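In this note's numbering, the protein residues as written are 86 to 320.
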């Protein structure tokens with residue numbers, strides 16, 4: 086079944102061009118010209134992924150994401166302008182999975198969409214049509230991760246992570262004590278030859294730490310090694 090993508094932007098030209106590009110890749114698109122209309126529609130009929138502009142009338146993309154996150158972990162990519170670095174960081178902190186700066190190439194956007202949808206789909210099928218075995222749950226000290234069900238628990242308490250946050254945490258926890266560079270975390274999270282700058286990974290790490298500290302103020306399991314990268318300490 087084709088993935089359903091919600092496009093939200095007040096620029097009709099962008100809506101049209103992105104919709105055509107997505108449909109050419111086999112996706113089903115739903116377009117909205119403002120955040121209020123999109124929010125109501127997405128609550129009633131969720132999409133598989135959203136592509137949101139940040140600057141919009143009536144309800145901007147940041148508020149749309151904030152309201153959606155009350156009920157949904159739908160992956161979201163933000164479209165931003167070059168002068169909106171603060172908004173980019175805020176969007177990632179609020180739980181966006183990625184952002185792309187305007188003007189952007191359709192090939193880059195399609196690559197990001199494919200990478201995120203692939204990470205969000207755990208019932209993958211191998212080339213011969215046989216279902217792949219489910220990945221085994223992982224336990225690292227107080228951390229429990231179930232990749233097949235996208236479940237995370239810390240000291241017995243559940244956390245809700247975006248797809249990107251989950252993949253970064255899994256990459257760190259797979260090899261506790263081993264330093265993972267930003268490039269390695271990018272590869273683990275995106276699994277494609279897609280450029281993502283350092284600030285994106287750093288923002289996701291900050292968001293991860295904040296979520297853990299909301300349930301455990303003493304959380305220190307994700308270390309920063311300045312100039313090198315990050316590591317997970319399970320002791």
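Glycine is no exception: its CB is placed at the ideal position from the N, C-alpha and C atoms.
Note that this is a predicted model, so its numbers are computed, not measured.
Per DSSP, the bridge partner or partners of residue i
i, result
"residue 223", "230"
"residue 316", "308"
"residue 236", "231"
"residue 113", "89"
"residue 161", "135"
"residue 243", "238"
Through-space distance from residue j to residue i, alpha-carbon basis
i, j, result
"residue 321", "residue 158", "Residue 321 lies beyond the residue range present for the chain, which begins at 86 and ends at 320; the question has no answer from this structure."
"residue 248", "residue 274", "9 Å"
"residue 110", "residue 303", "46 Å"
"residue 210", "residue 232", "Because residue 210 sits at a pLDDT of 41, beneath the cut-off of 50, its placement in the model cannot be relied upon, and the following sentence gives the value as read from the coordinates. Cα-Cα distance, rounded: 16 Å."
"residue 214", "residue 259", "For residue 214, the pLDDT reaches just 44, beneath the cut-off of 50, and the residue's location in the model is therefore unreliable, leaving the point undetermined."
"residue 263", "residue 271", "16 Å"
"residue 115", "residue 314", "39 Å"
"residue 239", "residue 130", "31 Å"
"residue 289", "residue 184", "12 Å"
"residue 102", "residue 143", "23 Å"
"residue 318", "residue 100", "44 Å"
"residue 140", "residue 121", "13 Å"
"residue 105", "residue 237", "37 Å"
"residue 278", "residue 118", "Interpretation of residue 278 is limited by its pLDDT of 48, a score under 50 that renders its predicted location unreliable; the figure taken from the coordinates is listed afterwards. Rounded to whole angstroms, residue 278 to residue 118 spans 31 Å at the Cα level."
"residue 216", "residue 192", "Confidence at residue 216 is low in this model, with a pLDDT of 46, below 50, so its placement is unreliable and the value that follows should be read with caution. Each residue's Cα considered, the two are about 29 Å apart."
"residue 186", "residue 230", "32 Å"
"residue 123", "residue 194", "20 Å"
"residue 234", "residue 310", "31 Å"
"residue 162", "residue 269", "21 Å"
"residue 138", "residue 98", "13 Å"
"residue 255", "residue 286", "14 Å"
"residue 253", "residue 298", "17 Å"
"residue 96", "residue 305", "43 Å"
"residue 312", "residue 166", "29 Å"
"residue 126", "residue 145", "15 Å"
Proximity below 8 Å, CB of residue i to CB of residue j
i, j, result
"residue 134", "residue 88", "yes"
"residue 257", "residue 267", "no"
"residue 284", "residue 250", "no"
"residue 107", "residue 147", "no"
"residue 149", "residue 181", "no"
"residue 242", "residue 300", "yes"
"residue 136", "residue 112", "no"
"residue 94", "residue 153", "no"
"residue 228", "residue 296", "no"
"residue 160", "residue 205", "yes"
"residue 128", "residue 156", "yes"
* With contact counted as at least three CB pairs below 8 Å, one residue from each stretch, are the segment 219-228 and the segment 197-204 in contact? -> With the cut-off at 8 Å, the segment 219-228 and the segment 197-204 do not touch.
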